[in-house]
Amino acid sequence: MSILNLKQLDYYKAIAGESSLQSGQWYLNYNKRHAFSIYSDFDAVDETENKIIVSPVNRLTSLINKFSDQLNISLENTRIVDNGDGTEYVELDLGDRVVTIIIDESGSMTWNDNNNFRHDIAEELVEKINDNYIGDIKYNLIKYGSIYVNIVFFALLDASSEDISDINTLAAMYFADDESNFAGVRVVRNEDHYPTSYLDGEILSEGYISSIFSEGLEINRTYYYTIYVYDKNYRFSEGIEIKVVPRYNILPRGISIFNTWVDSSESGKGRVFVGSGVTKDSDTIGLWHFDEGKENRLYDFSASQSDLEFNKEPVWLGRDFVPAGESGVWFNKANTVATYEDAVGELAFTFPKSGITSNEISIMMWIYPHDLNAEIRYPLVVRENESDLNYYLTILGNGLEFSNGNNRYFIDDILTANIWQHVAITYDSVLQEVKVYINSVLMEDPSNILSPANLTLATITDMT
């Protein structure tokens, strides 16, 4: 008897006839504490017929028509579909895709690939993807490169005998290359309809021109133009129609986001944006645009140059997340502070009641309050020294609170959480009057005048 340490796989090999163990000999599996012997009464050798008999194979075929009760695993990118007749089938389940194809249409490419082989490649790529990808596919086709133009060469005859001071003579001296058969441009204007021919209206200019200037036009009146080109035989093209409505030449003070003055599919009709913003003048003592977008400094564009320094680099917002300008700053309600040491009093106000030396103040900014907690003040602008406050503007609840160092003025129910809104306040120290504007709309006068402030930055920055 042989003593062995056999594994489970050794038993399967013995049954399959692949084991090296000898038939008819006893073996002791020490790990399993049992003895076993391998033997078989099957004699595959037929001495009479001189052949080896092989046992027939039992074929087992299993046809599965329903998968959901057979699988214990979740297959990725596949799904089981019910056929409705008690059977199911498995198909690929791939997500939707967006494929962007960029075609080079630059001059060098159009020269080197004048047979448009790149277009054939793009078409074959789309066909291959559609044939092999099961999910829904949408395509973006982007072309970049050249714009085909016809270049016309102009020249001026150098004839010393001609009087170039005469505009008609000078115009006649111009000529273009014969291949283009181009002799000039004619601009025709009409006041009540598009010119129907090159003679239907006032001829403003013609010849080799690139632009014209019209004078004496009435504001907000519609003028109709048609532009023709013609050859040496004065055969005119069909013409390009243009409608023009002159506007007042008034430059807006500031525009936050300027898309287009035409908000209509028809030229000449639309909406004119008249912006509002800050006019920098001699009275401006602080102007911070928040357009830096990086690092920890806000530059003051006023004459006082009171640059603000953050106590640490803040979280900057990109231009897509601010209502105006290039960037903004996210104040995290806890420790984001931008300060300036106003040693000479550039930003100071005394607010005396006397009309002789009185000062007024205006403060405006864009804000996006994420939370309007009635119990917490969120300071926006504060000027203080070691002993008291000079002035401040804070968010309190859904309202604004302003202090001139003596009194506090509060107006509530004017702010909205989670949207950008333009806030502006003005204070007249003679009239003791505060006006508050939200998105350029005057709010009701603050009726809640509180007792003397006696506040410091530490007491109003309750950011818990």
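Numbering (my numbering), first residue to last: 1 to 464.
Idealized CB from N, CA, C, for every residue including glycine.
### Message
Short of 8 Å in beta carbon distance, which residues of its chain neighbour N29, apart from the five on each side in sequence? Order them along the chain.
### Response
Contacts found: L4, N5, L6, A35, F36.
#### Entry: Residue interval of the beta strand (DSSP E) (run including L317)
Run containing L317: 315 to 317, per the beta strand (DSSP E) assignment.
### Query
Cβ atoms of L442 and R383: under 8 Å apart, would you say?
With a cutoff of 8 Å on beta-carbon distance, R383 and L442 are scored as not near each other.
#### Entry: Cut-off 6 Å between Cβ atoms - residues of its own chain near H289, not counting five sequence neighbours on either side
For H289, where only same-chain residues beyond five positions count, the Cβ hits under 6 Å are G325.
### Task
Look up I240 in the DSSP assignment and say whether it is helix, strand or coil.
Strand at I240.
### Residue from D82, N50, V57 whose Cα sits closest to the Cα of N65
Proximity to N65 across D82, N50, V57 peaks at D82, based on C-alpha coordinates.
### Message
Is the beta carbon of L380 closer than 8 Å to that of L415?
### Response
No, they are not a contact pair.
### Query
Buried or exposed: N404, going by 16 or more other Cβ atoms within 10 Å of its Cβ?
Result: buried.
### Query
What does Q421 pair with, by DSSP beta-bridge criteria?
According to DSSP, Q421 bridges with I367.
### Message
Taking only three categories from DSSP, how would you classify R118?
### Response
Helix at R118.
### Query
Would the C-beta of H119 count as close to the ligand SAM, meaning under 7 Å from any of its heavy atoms?
Ligands in the displayed structure: none, and consequently the ligand SAM is not present.
### Query
Is the Cβ-Cβ distance between R79 and Y133 less than 8 Å?
No, the pair does not count as a contact, with Cβ atoms beyond the cut-off.
### Message
Just verifying my parser: in three-state terms, what is the DSSP assignment at S267?
### Response
Reliability of the predicted coordinates at S267 is poor, the pLDDT of 49 falling under 50, and the value obtained from them is presented with this limitation in mind. Under the three-state reduction of DSSP output, S267 falls in the coil class, being neither helix nor strand.
### Message
Suppose only complete runs of 3+ residues qualify. What are the beta strand (DSSP E) ranges in the stretch 201 to 245, listed by chain order?
### Response
Fully enclosed beta strand (DSSP E) runs of 3 or longer: 202 to 207, 223 to 230, 240 to 244.
### Query
Thinking C-alpha only, which one of S302, V329, D300, V322 is nearest P314?
P314 has its Cα closest to that of V329, out of S302, V329, D300, V322.
### Query
By a C-beta neighbour count over all protein chains shown, 10 Å radius and 16 as the cutoff for buried, is L400 buried or exposed?
Burial call: buried.
### Message
Assess contact between the stretch 104 to 122 and the stretch 81 to 95, defined as three or more Cβ pairs (one per stretch) separated by less than 8 Å. Is contact present?
### Response
Judged by pairs of C-beta atoms under 8 Å, the stretch 104 to 122 does not touch the stretch 81 to 95, as fewer than three such pairs exist.
### Query
Should the stretch 189 to 196 be regarded as contacting the stretch 221 to 229, the criterion being three or more beta carbon pairs within less than 8 Å?
Contact holds: three or more Cβ-Cβ distances are below 8 Å.
### Message
Among E309, I361, P369, whose alpha-carbon lies nearest the alpha-carbon of Q432?
### Response
When only C-alpha atoms are compared, the closest one is I361.
#### Entry: Anticipated Cβ contact below 8 Å, L393 with I425, distance rounded
Confirmed, about 6 Å.
#### Entry: Sequence-distant residues of the same chain with beta carbon closer than 6 Å to N140, five excluded per side
Same-chain partners within the cutoff: T100.
### Query
Is the Cβ-Cβ distance between A338 and L298 less than 8 Å?
Yes, these two residues count as a Cβ contact at 8 Å.
### Query
What is the rounded straight-line gap between the Cα of S302 and the Cα of T279?
Their Cα atoms are separated by approximately 11 Å.
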